[in-house]
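Visitor: Quick one: the structure is below, questions incoming.
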Amino acid sequence: MNALSVYALANEMGSLLENASIEDVFSYPDAVSIEVSGSPFSFINIVRLKSSVDIAFSDDSIAPGLSESMSTSAIRGAVVKGVRPIGFDRTLEIDLAREDQWGKRSEFEMSICLIPHMARVSVRNKHEGTHVETFPLGSGRGAKTDVSALKEKSFSLLHPEEITGSALPGSDAEEIGEEKQAQIPEHTLAWKQKKKLAASLVSNISGIDPVLATAIADQAKGDPDAAAEIIREIAESMERNDWRWHMYDFPNEGERGISVIYPIELPVNLEGKKFGSVYDALLERYDNVTMPSYTAMLRERLTRSMHRELAKLERIQVNLSRDIDAASRARDFRHMGNLLATYRHLLRTGMKSITVKDLSGEKNITITLDPSRSIDANIKDYFNRARKGERGIIVMRERRKQIERLIREKKKAIADVENMTDPYEIVSAASSLMKTRSKEVKKESSEKRFRVFELDDKHKVIVGRNDKENDLLTHRYASPRDLWFHAQGVAGSHVILKGATSSTPKVIIEKAAEIAAYFSKAKHSAMVPVIYTEKRYVRKPRRSKAGAASVERGKTIFVSPRIPDSKMSRSRPDQS
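Residues 37 to 612, numbered by the working numbering, are exactly what the sequence shown covers, in order.
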């Protein structure tokens with residue numbers, strides 16, 4: 037909503053809401069509904085779009101019955117005592133008063149900011165000067181920014197006598213050399229002058245928005261003096277407070293080039309639709325512009341998020357197919373492991389490969405080795421890969437079927453959202469997404485303090501970086517069924533394996549144990565015993581120092597200290 041409309045709206049709302057009371061506030065994705073009683077309408081709906089914030093009066097909230105109450109009891113039942121604008125800063129201030137059961141009077145101020153990057157509804161106690169609550173619209177960016185901190189402009193429509201063509205900075209004709217000017221078409225020169233004048237109007241005059249500035253510059257044909265005359269005429273209309281609400285079509289301006297509401301008849305060459313009241317004007321824009329744009333924005337947001345999830349599932353599908361192909365070579369890996377064990381006497385540390393005769397004696401086989409690992413580690417690696425393939429191929433095939441089913445479901449869900457037309461359905465879906473993301477952000481912020489290793493799409497290892505984090509990880513963050521690891525007999529990090537079940541492959545447990553061994557005082561040993569158990573069997577001894585833990589029951593596994601070859605996810609630099 038533009039500055040002129042917000043300014044006039046404050047005057048109109050003062051009479052419409054006189055002695056009305058605030059009943060509740062409901063929050064939706066990028067929108068807020070304020071329930072009122074004792075007025076010609078039941079709700080004040082405020083919606084943030086991509087480049088504007090709209091307000092409308094309605095008998096229904098944005099999505100009736102969908103949102104829970106967001107208001108504290110402080111302003112429920114508070115009576116409206118007045119509404120005023122903050123100049124042309126697109127902010128409404130609503131004065132509220134409320135008496136409790138003992139007759140004590142409290143006064144509040146509800147601020148409705150309609151500036152897109154600062155959009156919010158906030159309430160403060162006027163007597164105490166304290167903040168009561170805030171309802172952000174959208175991401176809440178800029179919610180802490182004070183409107184008073186906005187840059188003050190040189191001129192205002194409240195003082196039109198100061199506005200002259202010569203007083204507008206940068207509106208003078210651009211000086212261009214005769215030779216260069218001759219090369220530029222006249223229509224281009226005129227267009228540049230109009231554009232420069234419009235930019236000057238927006239930058240220097242409070243109350244002039246970009247859409248109106250462009251219309252004024254076009255009407256004045258780029259002449260600053262003519263533009264100043266039009267602006268003074270607009271200011272005089274605003275000063276009379278004789279509101280005549282119109283909707284104008286601005287080609288290629290606004291959202292989708294659609295209509296914009298103004299509280300006066302503009303002195304420009306545009307035909308406007310006149311309304312009998314502010315209620316009718318706002319309601320028409322709300323029904324025909326605001327809600328269609330709002331639901332389209334939510335639909336786009338939903339499908340964008342779902343396409344990201346679909347892409348993730350498709351990557352998992354590709355990785356599983358690759359792992360299944362590798363697992364199908366389990367027999368080859370075991371055969372190579374047997375060959376390496378047979379010809380162990382020929383192996384040397386640092387070898388990249390070895391060619392040996394097959395056990396049948398009919399052919400030679402070249403086996404790739406890791407020169408950075410020991411002889412036994414190379415042999416063990418082939419047997420591990422064989423075991424993983426033998427045990428995991430059935431699980432991976434079943435997992436791939438699940439992923440393929442999820443992909444089909446996700447594609448259907450995307451198609452369903454794209455075909456949604458009911459605003460209630462779209463807002464409901466967007467609300468669910470917002471709640472899910474909120475939970476994910478909280479979970480993510482909890483994990484950021486630890487080292488995190490993604491082993492696969494289901495399992496991840498979380499490592500404490502110091503004694504304090506070890507306590508937090510084990511006794512606050514970990515779930516009872518998570519697997520807990522610690523290098524046995526030496527100091528080290530507490531390690532949690534998330535996603536573990538009774539059917540978790542042994543190779544996953546070994547990887548978690550290897551990480552626990554790596555983040556311990558025994559990280560340079562060839563083989564380290566690591567104890568592991570479900571977290572529910574780990575206790576913190578009474579009066580013990582941070583990081584101490586006792587295990588009631590557990591198993592021991594011997595592993596070589598190492599971290600996964602793949603890049604650490606959300607991990608901090610190694611500080612061990």
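Every residue gets a Cβ at the ideal spot worked out from N, C-alpha and C, and that includes glycine.
Consult DSSP for M387 and reduce its assignment to one of helix, strand or coil.
Guide: Within the sequence shown, numbered from 1, the residue matching residue 387 stands at position 351. The answer is coil: DSSP assigns M387 none of H, G, I, E or B.
Visitor: Exposed or buried, which one is N38 when buried takes at least 16 other CB atoms within 10 Å?
Guide: Position 2 of the sequence shown holds residue 38. Looking at its Cβ environment, which holds 16 or more other Cβ atoms inside 10 Å, N38 is buried.
Visitor: Since K448 is in the alpha helix (DSSP H), which residue starts that stretch and which ends it?
Guide: Taking the sequence shown and counting its residues from 1, the one referred to as residue 448 is at position 412. Note, K448: alpha helix (DSSP H), I411 to E454.
Visitor: On the premise that N305 lies in contact with Q229, defined as a C-beta separation below 8 Å, what is that separation, rounded to the nearest angstrom?
Guide: Reading the sequence shown from its first residue, position 193 is the one you call residue 229. Reading the sequence shown from its first residue, position 269 is the one you call residue 305. Going by Cβ atoms, the distance from Q229 to N305 rounds to 18 Å, so no, they are not a contact pair.
Visitor: Quick one: what's K591 bridged to in DSSP?
Guide: By one-based count along the sequence shown, residue 591 stands at place 555. Beta-bridge partners of K591 (DSSP): Y568.
Visitor: Mark G373 as exposed unless 16 or more other C-beta atoms lie within 10 angstroms of its C-beta, in which case mark it buried.
Guide: By 1-based counting over the sequence shown, the position of residue 373 is 337. Label assigned to G373: buried.
Visitor: Return the bridge partner residues of E129 from the DSSP annotation.
Guide: The residue given as residue 129 occupies position 93 in the sequence shown. Residue pairing from DSSP places E129 in a beta bridge opposite R120 and S147.
Visitor: Bridge partners of Y379, per DSSP?
Guide: Here residue 379 corresponds to residue number 343 of the sequence shown, with the count starting at 1. None, per the DSSP bridge assignment.
Visitor: When you compare the stretch 383 to 391 with the stretch 400 to 412, are there three or more beta-carbon pairs, one atom per stretch, that lie closer than 8 Å?
Guide: yes
Visitor: Please list, in chain order, all residues of the same chain as E71 whose beta carbon is under 8 Å from its beta carbon, the five residues on each side excluded.
Guide: Here residue 71 refers to the residue found at position 35 when the sequence shown is read from its first residue. Within the same chain, E71 has close Cβ partners I58, E59, D60, V61, F62, S78, F79 and S97.
Visitor: Where does E197 fall in DSSP's three states?
Guide: Locating residue 197 in the sequence shown gives position 161, where the first residue counts as 1. In the three-state reduction of the DSSP assignment, E197 falls in the helix class.
Visitor: If I follow the unbroken beta strand (DSSP E) through S63, where does it start and stop?
Guide: Here residue 63 is taken as the residue at index 27 of the sequence shown, counted from 1. Looking at the DSSP string, the run of the beta strand (DSSP E) that includes S63 is S57 to Y64.
Visitor: Roughly how many whole angstroms lie between the Cα atoms of R566 and E434?
Guide: As a working mapping, residue 566 is identified with position 530 in the sequence shown. As a working mapping, residue 434 is identified with position 398 in the sequence shown. The displayed chain sequence assigns Val, not Arg, to residue 566. One C-alpha to the other measures close to 31 Å.
Visitor: Looking at C-beta atoms only, is the number of pairs between the stretch 418 to 426 and the stretch 299 to 318 that lie closer than 8 Å three or more?
Guide: no
Visitor: Measure the alpha-carbon distance for I199 versus R344 and round it to whole angstroms.
Guide: As a first step, residue 199 is located in the sequence shown; it is residue number 163 there, counting from the start. As a first step, residue 344 is located in the sequence shown; it is residue number 308 there, counting from the start. Cα to Cα, the separation comes out at about 52 Å.
Visitor: Rounded to whole angstroms, what's the CA-CA distance from K447 to L346? Just pull it up for me.
Guide: Locating residue 447 in the sequence shown gives position 411, where the first residue counts as 1. Locating residue 346 in the sequence shown gives position 310, where the first residue counts as 1. Using only the alpha carbons, I get a separation of about 7 Å.
Visitor: Quick one: measure Cβ to Cβ for G201 and A271, integer angstroms, because I've assumed they're closer than 8 Å.
Guide: On the sequence shown, residue 201 is found 165 positions in, with the first residue counted as 1. On the sequence shown, residue 271 is found 235 positions in, with the first residue counted as 1. At roughly 15 Å, the Cβ-Cβ gap does not stay under 8 Å, so G201 and A271 are not in contact.
Visitor: Could you tell me which of I241, G101, I297 and G425 sits nearest to D90, measuring between CA atoms?
Guide: Locating residue 90 in the sequence shown gives position 54, where the first residue counts as 1. Cα-wise, what sits closest to D90 is I297.
Visitor: Please report the straight-line C-alpha distance between F93 and F171, rounded to a whole angstrom.
Guide: On the sequence shown, position 57 is the one that residue 93 refers to. On the sequence shown, position 135 is the one that residue 171 refers to. C-alpha separation (whole angstroms): 18 Å.
Visitor: Going by alpha carbons, who is nearest to V526 out of T510, E222, A465 and A552?
Guide: Translated into the one-based positions of the sequence shown, residue 526 becomes position 490. Nearest option by C-alpha distance: A552.
Visitor: If you follow the alpha helix (DSSP H) that V42 is in, where does it begin and where does it stop?
Guide: Against the sequence shown, residue 42 aligns to sequence position 6. Element bounds for V42: A39 to L52.
Visitor: Can A366 and E445 be called in contact, C-beta distance under 8 Å?
Guide: Looking up residue 366 in the sequence shown gives position 330. Looking up residue 445 in the sequence shown gives position 409. Going by C-beta atoms, A366 is not nearer than 8 Å to E445.
Visitor: What's the C-alpha gap between G528 and V595?
Guide: Within the sequence shown, residue 528 is the residue found at index 492, counting from 1. Within the sequence shown, residue 595 is the residue found at index 559, counting from 1. If you take the alpha carbons of G528 and V595, they lie about 15 Å apart.
Visitor: What are the start and end residues of the alpha helix (DSSP H) that includes I498?
Guide: Residue numbering aside, residue 498 sits at position 462 when the sequence shown is read from its first letter. It is not in any alpha helix (DSSP H) - I498 instead sits in the beta strand (DSSP E) that spans K496 to V499.
Visitor: Alpha carbon to alpha carbon, how far is H195 from T250?
Guide: Here residue 195 refers to the residue found at position 159 of the sequence shown. Here residue 250 refers to the residue found at position 214 of the sequence shown. Between H195 and T250, the C-alpha separation is close to 21 Å.
Visitor: Just to confirm my understanding: we take G583, look at its own chain, exclude 5 residues before and 5 after, and list those with CB closer than 7 Å. What are they?
Guide: The residue given as residue 583 occupies position 547 in the sequence shown. Once the five neighbours on either side are set aside, the close Cβ partners of G583 are D503, N506 and D507.
Visitor: Please determine, among F369, W279 and R589, the residue with the shortest C-alpha to C-alpha distance to G302.
Guide: Translated into positions along the sequence shown, residue 302 becomes position 266. Here the sequence assigns Leu to residue 302, which means Gly is not the residue at that position. It is W279 whose Cα lies nearest to the Cα of L302.
Visitor: Tell me which residues share the same chain as S69 and place their Cβ nearer than 6 Å to its Cβ, disregarding the 5 neighbours each side in the sequence.
Guide: By 1-based counting over the sequence shown, the position of residue 69 is 33. So the qualifying residues of the chain are F62, F79, N81, S97 and I98.
Visitor: Taking A253 as part of the alpha helix (DSSP H), name the residues at either end of that continuous run.
Guide: Taking the sequence shown and counting its residues from 1, the one referred to as residue 253 is at position 217. Note, A253: alpha helix (DSSP H), P246 to Q255.
Visitor: Could you compute how far the alpha carbon of D492 sits from the alpha carbon of A377?
Guide: Here residue 492 refers to the residue found at position 456 of the sequence shown. Here residue 377 refers to the residue found at position 341 of the sequence shown. Rounded to the nearest angstrom, the gap between the Cα atoms of D492 and A377 is 30 Å.
Visitor: Taking P600 as the reference, give the member of E546, M563 and H560 with the closest Cα.
Guide: Your numbering for residue 600 matches position 564 in the sequence shown. Ranking E546, M563 and H560 by Cα distance to P600 puts E546 first.
Visitor: Comparing alpha-carbon positions, which option in P121, V115 and S147 lies nearest R141?
Guide: The sequence position of residue 141 within the sequence shown is 105, counting from 1. Measuring from the Cα of R141, the nearest candidate turns out to be V115.
Visitor: Give a yes or no on whether the C-beta atoms belonging to A155 and L128 are separated by under 8 Å.
Guide: Taking the first residue of the sequence shown as position 1, residue 155 is located at position 119. Taking the first residue of the sequence shown as position 1, residue 128 is located at position 92. Not a contact, by the Cβ cut-off of 8 Å.
Visitor: Take the Cβ of V354 as the centre, count every other Cβ of all protein chains shown within 10 Å, and call the residue buried at 16 or more, exposed below.
Guide: By one-based count along the sequence shown, residue 354 stands at place 318. Looking at its Cβ environment, which holds fewer than 16 other Cβ atoms inside 10 Å, V354 is exposed.
Visitor: Count the other C-beta atoms from every protein chain shown that fall within 10 angstroms of the C-beta of A203, then say buried if there are 16 or more, exposed otherwise.
Guide: Here residue 203 refers to the residue found at position 167 when the sequence shown is read from its first residue. Exposed, since its Cβ has fewer than 16 Cβ neighbours within 10 Å.
Visitor: Please return the same chain residues whose Cβ sits closer than 8 Å to the Cβ of D359, not counting the five positions on each side in sequence.
Guide: In the sequence shown, the residue the question calls residue 359 occupies position 323. If we look at D359 and ignore the five residues flanking it on each side, its Cβ neighbours are G428 and M432.
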